[in-house]
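Notes follow once the structure below has been shown.
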Ligand SMILES: Cc1cc2nc3c(=O)[nH]c(=O)nc-3n(C[C@H](O)[C@H](O)[C@H](O)COP(=O)(O)OP(=O)(O)OC[C@H]3O[C@@H](n4cnc5c(N)ncnc54)[C@H](O)[C@@H]3O)c2cc1C
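Numbering (my numbering), first residue to last: 6 to 277.
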């Protein structure tokens, strides 16, 4: 994180512009327990969209941060407000995918929203067995899909647990979706720091005679910055997800869990 406030996120986004890297802002927070807090999140993003038109930033939001644990109708109304604000700002609204308890409801919300709003996308997780059929059912909507490996702890009856199986499924899903990207029927963002996987997906894209600018990649702020810059220099469409806010604890734990070496990194910083 560049800092807890939006100002620091905006400053980071301005810095990325000269490197041809776009920004994706996310205010940390999830599982809110009252709708007034969800309303504040929507108001915050409305301000963010208005303030960041110059950096062509997009936003990404968790459904449980908009009230999904409390009231599905209110959550949808909040998504509609954000989709309208994103459209007005010529931006784009992404819906994060949370743990599997929310998958069905999140996809249903996206399906409804996409029918009435053009600039909205959804994250889908390659570790879930169901994702291939979710993509197939979403495809007629001309969707926007951000493909991630998946950050939650899921049972093996619904998800691949071995990294190599997740990676293989990620690549198979790319191979499935890239022809649709080429036909302009799908916006696909490869949200991963796995540069080897990106290179392999690029080989599929090359076989389809696609150019680098048609392949979108997104990574988290501060992770593999050199690779983000290299990919942008080579001509890929790169976006950096910049998270900010004070509700960083759950997010931070997921980042530690996906790379245990970071625990030692943090511990070393704390030692005198
Ligand atoms: C833009 C973006 C949006 C995302 N949105 C969602 C979402 O909506 N829902 C969801 O479930 N998940 C989301 N994720 C998280 C994702 O599911 C993975 O948990 C995360 O990206 C780590 O997996 P990886 O694809 O980078 O591959 P990995 O195989 O985990 O990592 C590949 C390499 O990248 C480096 N790396 C990866 N993570 C770290 C780290 N934390 N610190 C340092 N180095 C690291 C390591 O060198 C590693 O070898 C998102 C990720 C990104 C980049």
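All residues carry an ideal CB built from backbone N, CA and C; glycine is no exception.
Beta-ladder partner(s) of residue i, from DSSP
i	result
residue 31	248
residue 130	153
residue 164	133
residue 125	98
residue 26	243
Heavy atom of ligand 1 within 8 Å of residue i beta-carbon
i	result
residue 260	yes
residue 231	no
residue 101	yes
residue 224	yes
residue 157	yes
residue 244	yes
residue 130	yes
residue 151	yes
residue 13	no
residue 29	yes
residue 93	no
residue 96	no
residue 228	yes
residue 196	yes
residue 364	Since the displayed the chain opens at 6 and closes at 277, residue 364 lies outside it and no answer follows.
residue 168	yes
Cβ-based neighbour list, residue i, same chain, cut-off 6 Å, excluding 5 preceding and 5 following
i	result
residue 210	183 and 220
residue 124	91, 92 and 97
Residue i, buried or exposed, once every other Cβ within 10 Å from all chains shown has been counted against 16
i	result
residue 240	exposed
residue 58	exposed
residue 24	exposed
residue 38	exposed
residue 145	exposed
residue 216	exposed
residue 162	exposed
residue 199	buried
residue 65	buried
residue 28	buried
residue 95	exposed
residue 107	buried
residue 99	buried
residue 201	exposed
Own chain residues within Cβ distance below 8 Å of residue i, not counting five before or after
i	result
residue 76	40
Proximal residues to residue i (C-beta, below 7 Å), its chain only, five neighbours per side dropped
i	result
residue 81	114 and 117
residue 180	209
**Message:** Which complete beta strand (DSSP E) runs does the segment 189-247 hold, if anything under 3 residues is left out?
**Reply:** 192-196 and 221-225
**Request:** List in chain order: all unbroken beta strand (DSSP E) runs of 3+ residues lying wholly within the segment 50-110.
**Result:** 63-66 and 98-100
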